[in-house]
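Just so it is clear: in the sequence shown, position 302 is 302 by full-length UniProt numbering, and no numbers are missing. Note that beta-carbon positions come from the ideal geometry of N, C-alpha and C, so glycine has one too. First comes the structure, then the notes that go with it.
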Amino acid sequence: MSSEGMVLDGAKAFWRTLLPRLKAERWVLALSAVLALLAALAGIHILAILPFWIVLVAALLSRGAPSEPPLPAGVVTTAEKRKDPLVPLLNALDMPVLVVAEDETVLFQNIAAEKAFGTIPQDSYLSARVRSPGILDMVRETIATGKVNQIEHTERLPSDAVYIVRVAPADLGADGSSRRVFLLTYRDISQTRRIDRMRSDFVANASHELRTPLASLRGFIETLEGPARNDPKAQEKFFGIMHEQVTRMSRLVDDLLSLSRLELKSHIAPEDTVDLIPLLGHVRDSLVPLARELDVTISLDVPEAPVFVQGDRDELIEVFENLIENACKYGQEGKKVDVRLTGGEGKQTEVMVTDYGPGIPAEHVPRITERFYRVNVEASRSKKGTGLGLAIVKHILTRHRARLLIHSEVGKGTVFTVRF
Numbered sequence: 001m002s003s004e005g006m007v008l009d010g011a012k013a014f015w016r017t018l019l020p021r022l023k024a025e026r027w028v029l030a031l032s033a034v035l036a037l038l039a040a041l042a043g044i045h046i047l048a049i050l051p052f053w054i055v056l057v058a059a060l061l062s063r064g065a066p067s068e069p070p071l072p073a074g075v076v077t078t079a080e081k082r083k084d085p086l087v088p089l090l091n092a093l094d095m096p097v098l099v100v101a102e103d104e105t106v107l108f109q110n111i112a113a114e115k116a117f118g119t120i121p122q123d124s125y126l127s128a129r130v131r132s133p134g135i136l137d138m139v140r141e142t143i144a145t146g147k148v149n150q151i152e153h154t155e156r157l158p159s160d161a162v163y164i165v166r167v168a169p170a171d172l173g174a175d176g177s178s179r180r181v182f183l184l185t186y187r188d189i190s191q192t193r194r195i196d197r198m199r200s201d202f203v204a205n206a207s208h209e210l211r212t213p214l215a216s217l218r219g220f221i222e223t224l225e226g227p228a229r230n231d232p233k234a235q236e237k238f239f240g241i242m243h244e245q246v247t248r249m250s251r252l253v254d255d256l257l258s259l260s261r262l263e264l265k266s267h268i269a270p271e272d273t274v275d276l277i278p279l280l281g282h283v284r285d286s287l288v289p290l291a292r293e294l295d296v297t298i299s300l301d302v303p304e305a306p307v308f309v310q311g312d313r314d315e316l317i318e319v320f321e322n323l324i325e326n327a328c329k330y331g332q333e334g335k336k337v338d339v340r341l342t343g344g345e346g347k348q349t350e351v352m353v354t355d356y357g358p359g360i361p362a363e364h365v366p367r368i369t370e371r372f373y374r375v376n377v378e379a380s381r382s383k384k385g386t387g388l389g390l391a392i393v394k395h396i397l398t399r400h401r402a403r404l405l406i407h408s409e410v411g412k413g414t415v416f417t418v419r420f
């Protein structure tokens with residue numbers, strides 16, 4: 001660095017040091033200026049008061065920087081936070097954590113808490129930010145007794161979330177300087193609760209689906225053993241209905257077993273290579289009798305060159321059989337179903353199954369891949385659906401690392417897109 005630059009930097013440093021001190025002593029400087037003005041009016045030469053000014057500047061430099069007012073007790077400055085070894089540890093946790101003082105003020109919140117609940121100003125009272133009476137009563141009880149407490153708490157906004165909220169005392173500092181604070185933690189169990197609810201719903205739905213045909217079979221058997229014992233026409237009719245019910249139960253059990261097998265190997269991606277063109281042709285040919293019975297035509301649009309994907313042939317057949325069969329049954333009013341394959345040669349592979357039926361209302365679209373979820377229960381049962389077809393499709397595509405996209409407009413039809 002040149003000598004001019006060093007002089008300039010030194011001058012800047014000097015003024016950075018002097019200006020805060022001059023600001024702090026502004027009343028003394030104002031008085032000195034008034035005295036200098038009076039001396040000039042009295043005819044005293046400026047050189048006569050120059051020693052006074054030199055002494056004043058030297059005194060200001062020797063006094064040091066003005067002291068800031070002391071911080072309130074319990075306030076931790078940003079610099080202290082950076083030095084505190086507990087801060088990075090708390091910030092590394094993925095659960096929201098609040099550090100609360102004995103007077104119920106919030107001393108610290110970690111990054112996860114800021115993301116979940118927003119920034120809480122330091123030394124704010126906990127009751128000003130936490131509106132749950134259960135949490136506040138629990139914290140007050142722990143402050144009073146020193147015992148660990150926890151409760152289950154549900155947040156409704158911005159979205160439903162379930163937490164195990166726990167408060168525990170902690171002593172900071174050593175021996176004589178020990179200080180008690182309270183650690184308030186939120187453990188998110190929302191996903192666990194959703195899985196529990198889905199499991200309960202699944203058991204209830206499966207039991208209901210099996211109970212109905214079993215009750216029908218029992219009633220028909222009792223009738224055949226009693227009043228219809230010698231009635232050939234009634235026997236023929238009842239045997240036909242019983243056969244339908246048994247077939248329905250068989251389909252339901254097969255679908256449940258398929259789901260169980262898929263869940264066991266969902267983490268294992270298939271290793272075989274499958275050409276989708278002959279596979280879709282096979283599916284279309286196998287569904288032609290059903291389509292003819294429903295007065296629906298199935299058109300197939302595929303590229304000339306082979307389109308290969310990594311997958312299990314039997315599982316992919318099950319996927320497209322489910323999608324095309326559903327399109328034929330539920331889009332029967334449109335009289336046609338279009339199946340279009342695009343991709344290959346390095347491009348993204350997609351299979352679109354389009355029907356021109358009544359469509360699906362928007363509120364049902366996000367849930368139609370759930371087990372036993374039906375847009376119209378009676379229509380589904382009349383078309384011999386088990387309510388598990390799209391759930392199986394979703395599980396197979398998850399194993400194939402593919403996605404199912406659903407676009408539907410009421411009155412115009414539905415497009416199911418399988419994107420590999």
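Within the same chain, Cβ atoms closer than 8 Å to the Cβ of Met249 are found at Leu210, Pro213, Leu214, the five residues on either side in sequence being excluded. A Cβ-Cβ contact shorter than 8 Å links Asp272 with Asp312.
Between the segment 319-338 and the segment 349-367, the count of C-beta pairs closer than 8 Å reaches three or more; the two stretches touch. Excluding its 5 nearest sequence neighbours in each direction, Ala391 has C-beta neighbours in its own chain below 7 Å: Leu259, Thr369, Glu370, Arg371, listed in chain order. By the Cβ criterion, the segment 275-283 is in contact with the segment 302-322, since at least three pairs of Cβ atoms, one from each stretch, lie closer than 8 Å. The C-alpha of Lys335 lies about 20 Å from the C-alpha of Ile406. Met352 sits in a strand when the DSSP states are folded into three classes. Around the beta carbon of Ser408, 16 or more other beta carbons sit within 10 angstroms, so the residue counts as buried. Taking a cut-off of 8 Å for Cβ pairs, the segment 128-146 and the segment 102-115 touch, as three or more such pairs fall below it.
Of the other Cβ atoms in all chains shown, fewer than 16 fall within 10 Å of the Cβ of Ala170; this residue is therefore exposed. As a beta-bridge residue in DSSP terms, Tyr125 pairs with Thr105. A straight line joining the alpha-carbon of Ile268 with that of Arg187 spans about 31 Å. Going by beta carbons, Ile317 and Val283 fall inside the 8 Å limit. If you ignore the 5 residues before and after Leu98, its C-beta comes within less than 7 Å of the C-beta of Val106, Gln109, Ala113, Leu184, all in its own chain and listed in chain order. About 18 Å separates the beta carbons of Glu315 and Thr417, which is beyond the 8 Å limit, so they are not a contact pair. Judged by DSSP secondary structure, Leu172 falls within the beta strand (DSSP E) whose first and last residues are 161-172. By alpha-carbon distance to Arg292, the top candidate from Pro133, Glu325, Leu217 is Glu325. Annotated three-state conformation of Asn326 is helix, per DSSP. Here Arg248 is not bridged, per DSSP, to any residue. Annotated as proximal: Glu102 and Ile143, with beta-carbon spacing under 8 Å. Here Val162 is not near Asn149, since their CB atoms are 8 Å or more apart.
Counted as a single uninterrupted DSSP element, the beta strand (DSSP E) harbouring Arg180 occupies residues 179-188.
Look at Asn149 here: in three-state DSSP terms it is strand. Bounds of the beta strand (DSSP E) holding Asp301 are 297-301.
Scanning its chain for C-beta atoms nearer than 6 Å, with the 5 sequence neighbours on each side dropped, one finds around Phe308 the residues Thr273, Asp275, in chain order. Here Phe239 is exposed: its Cβ has fewer than 16 other Cβ atoms, across all protein chains shown, within 10 Å. Assignment of Asp312 by DSSP, reduced to helix, strand and coil, places it in the coil class.
For Ile268, there is no enclosing beta strand (DSSP E), as DSSP marks it with neither H nor E. One Cα belongs to Val87, the other to Ile189, and the distance between them is close to 25 Å.
Taking C-beta atoms as the reference points, Ile120 and Val165 fail to come closer than 8 Å. Inter-residue distance for Arg229 and Ile221 is about 10 Å (C-alpha atoms, whole angstroms). Relative to Leu323, the option among Gln310, Gly387, Leu256 whose CA is nearest is Gly387. According to DSSP, Glu155 shares a beta bridge with Ala161.
If you look at Val99, you'll find it in the beta strand (DSSP E) that goes 97-100. Between Lys233 and Gly219, the alpha-carbon positions lie close to 17 Å from each other. Around Arg340, the same chain offers Asp301, Met352 as residues with beta carbons nearer than 6 Å, after the five sequence neighbours per side are excluded.
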